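Undergrad:
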Amino acid sequence: MLEFPGNIRVPQSVMVGSVGRNTGKTEFACALIRSLARRTRVFAVKVTTIYEGRVSCVRGDEGCGVCTSMDCEWLLTEEFNKDRAKDTSRMLAAGADRVWWLRVREGSLADAARELTRLIPEGGVLVFESNSIRRVCEPDLFFMLGDPAVGEVKESARSALKEVDRVVAFDGRSFNFDVESVALKIGRCVYPRDAGAIVLAGGRSSRMGTDKRLLNIDGLPLVEHVYRRLEGTVGEVLVSVAGAACPGIPGARRIVDRFGNAGPMGGVASALEQSRYDVNFVTACDIPAVPLGFIGSLLRRSRNHQVVVPVDEAGRYEPLFAVYSKSVLPRLRRLLEDGERRIRMLYDQVDTCRIDIPPGIDLRNLNTKADYRAYLAG
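Structure below.
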């Protein structure tokens, strides 16, 4: 079972790494800064990790002084000159309000990550360049420049690749990614991932005694609250419904459950059939917290698995807060035809990754009025 990385959280941040040399990493960081700076405050950091006993220079130069001038574990230097060729100068010229060079010995990466959390601009975004610091910190987004299948992959990149949100290619003129799609949403950097999301809104609300989809959460009906949280974080958000009677959400694409009284599994199968994406995050509409960072982790794991499902401390699955590939549809249909209604029965029949729910992640359902009152009370 995979565990969610227990790293130092660096909120409101985008990390940019590189597979190898000359991949366009700094060009991408600067393009991102230019885009974000038109919308919010941006600070930037160039992180250089110093490896003790390394034969070759960390920067590929000889006698540059990066290592020999360090008589401490880490050193933060602010850049003020926009007119030099240094990476930090280029970041400043791109529109960052403030830029620093952070040099850190490998053994003190965690201390450096904590320093990054103190550099986040209020209401803005921190952009930082590094591979190695990903071992100890959790940014909102992590982009890596270059193609891991072509050329030599840096050691620091190999260990970080599994945590990359998007690998970006640069042909010397442009990137195969639109930096304008990166945005700050409810205090978190997001972009539309190459995946869909399915909000299950076909339940009967029998224990609530009223239509739970209409419960007021932050001024919106619960189902729309969940929908809006996911909007902009994936390519498309679908709403799975049991019939025509469902609260309208402007712009939402509704998918009617064609399997009838098959429970949530029928809704999942119906929506997967209609989704434009091979990979789809599925959530019940009565989980109001919508932790976007954890959803990102589930989607990253889905690259190598058909299903990624969270598991709580007691070993119980969270099947309605999980990622499903369209490749599971034949198995799902067969289970439904056999009269099976428990979606967890799918997991042993396909490639399933089970991931522990990290501390602090709230996946509680609002099933009763007491649940609703407790959620509102915090």
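Going left to right, the sequence shown walks through residues 1 to 378 as the working numbering numbers them.
Beta carbons: idealized from backbone N, C-alpha and C, even for Gly.
Owing to the predicted nature of the structure, the values given are computational and were not obtained by experimental measurement.
(1) When DSSP builds the beta bridges, which residues end up paired with residue 283?
(2) Thinking C-alpha only, which one of 275, 248, 146 and 359 is nearest residue 17?
(3) On a Cα-Cα basis, can you pick out the residue from 302, 291 and 356 that is closest to residue 312?
(4) Mapping the DSSP letters down to three states, classify residue 60 as helix, strand or coil.
(5) Checking 8 Å against the spacing of the C-beta atoms, do residue 30 and residue 113 come in under that value?
(6) By the 10 Å Cβ neighbour count, where 16 or more other Cβ atoms means buried, how is residue 131 classified, buried or exposed?
(7) Provide the residue(s) that pair with residue 189 in DSSP beta bridges, ordered along the chain.
(8) Please state the DSSP three-state secondary structure of residue 208.
(9) Closest to residue 349 by C-alpha separation, out of 358, 374, 305 and 201, would be which residue?
(10) Which partner residues of residue 7 appear in the DSSP bridge assignment?
(11) Given this structure, state the Cα-to-Cα distance separating residue 218 from residue 76, to the nearest angstrom.
(12) Roughly how many whole angstroms lie between the Cα atoms of residue 379 and residue 320?
(13) Counting Cβ pairs closer than 8 Å, one from the segment 171-183 and one from the segment 43-51, do we hit at least three?
(14) Put residue 136 into one of helix, strand or coil per three-state DSSP.
(15) With distances taken between CB atoms, is the gap from residue 188 to residue 234 smaller than 8 Å?
(16) Considering only C-alpha positions, which residue in the set 364, 257, 328 and 361 is nearest to residue 347?
(17) DSSP on residue 17, reduced to helix/strand/coil?
(18) Helix or strand or just coil, what does DSSP make of residue 55?
(19) Between the Cα of residue 46 and those of 87, 316, 288 and 268, spot the shortest distance and give me the residue it belongs to.
(20) I'd like to know whether the C-beta atoms of residue 35 and residue 73 end up nearer to each other than 8 Å.
(21) For the 8 Å Cβ check, are there 3 or more pairs between the segment 354-374 and the segment 283-298?
(22) Compare the Cα-Cα distances from residue 25 to each of 273, 157, 37 and 299 and report the closest residue.
(23) Going by C-alpha to C-alpha distance, which of 128, 220, 216 and 227 sits closest to residue 197?
(24) From which residue to which residue does the alpha helix (DSSP H) around residue 49 run?
(25) Could you tell me if residue 376 is buried or exposed, where buried requires 16 or more neighbouring beta carbons within 10 angstroms of its beta carbon?
(26) Ignore the nearest five residues each way along the sequence and tell me which others in residue 141's own chain have a CB closer than 6 Å to its CB.
(27) Where does residue 253 fall in DSSP's three states?
(28) Under DSSP, the beta strand (DSSP E) around residue 79 begins and ends at which residues?
(29) If you draw a straight line from the C-alpha of residue 282 to the C-alpha of residue 353, how long is it?
(30) Whole angstroms is fine: what's the gap from residue 428's alpha carbon to residue 365's?
(31) Rounded to whole angstroms, what is the Cα-Cα separation between residue 367 and residue 318?
(32) Tell whether a beta-carbon distance below 8 Å holds between residue 336 and residue 262.
(33) Taking the beta carbon of residue 149 as the centre, do at least 16 other beta carbons fall within 10 Å, making it buried, or is it exposed?
(34) Name the DSSP beta bridge partners of residue 239, please?
(35) For residue 106, which option in 119, 133, 118 and 169 has the closest C-alpha, if you only look at C-alpha atoms?
(36) Just how far apart, CA to CA, sit residue 71 and residue 137?
TA: On the basis of the coordinates in this document:
(1) 199 and 321
(2) 146
(3) 356
(4) Annotation note: pLDDT 47 at residue 60 (below 50); position unreliable, no value reported.
(5) no
(6) buried
(7) 184
(8) coil
(9) 305
(10) According to DSSP, residue 7 bridges with nothing at all.
(11) 40 Å
(12) No answer is possible for residue 379: the residues shown for the chain start at 1 and end at 378.
(13) no
(14) coil
(15) no
(16) 328
(17) strand
(18) Caution is warranted here: a pLDDT of 45 is assigned to residue 55, below 50, making its placement in the model unreliable, and the coordinate value is therefore given only provisionally. The answer is coil: DSSP assigns residue 55 none of H, G, I, E or B.
(19) 87
(20) no
(21) yes
(22) 157
(23) 227
(24) Premise fails: residue 49 lies in the beta strand (DSSP E), 42-50, not in any alpha helix (DSSP H).
(25) exposed
(26) 14, 165 and 189
(27) strand
(28) 74-79
(29) 15 Å
(30) The question about residue 428 has no answer, for the chain in this structure spans 1 to 378.
(31) 15 Å
(32) yes
(33) exposed
(34) 199 and 254
(35) 133
(36) 24 Å
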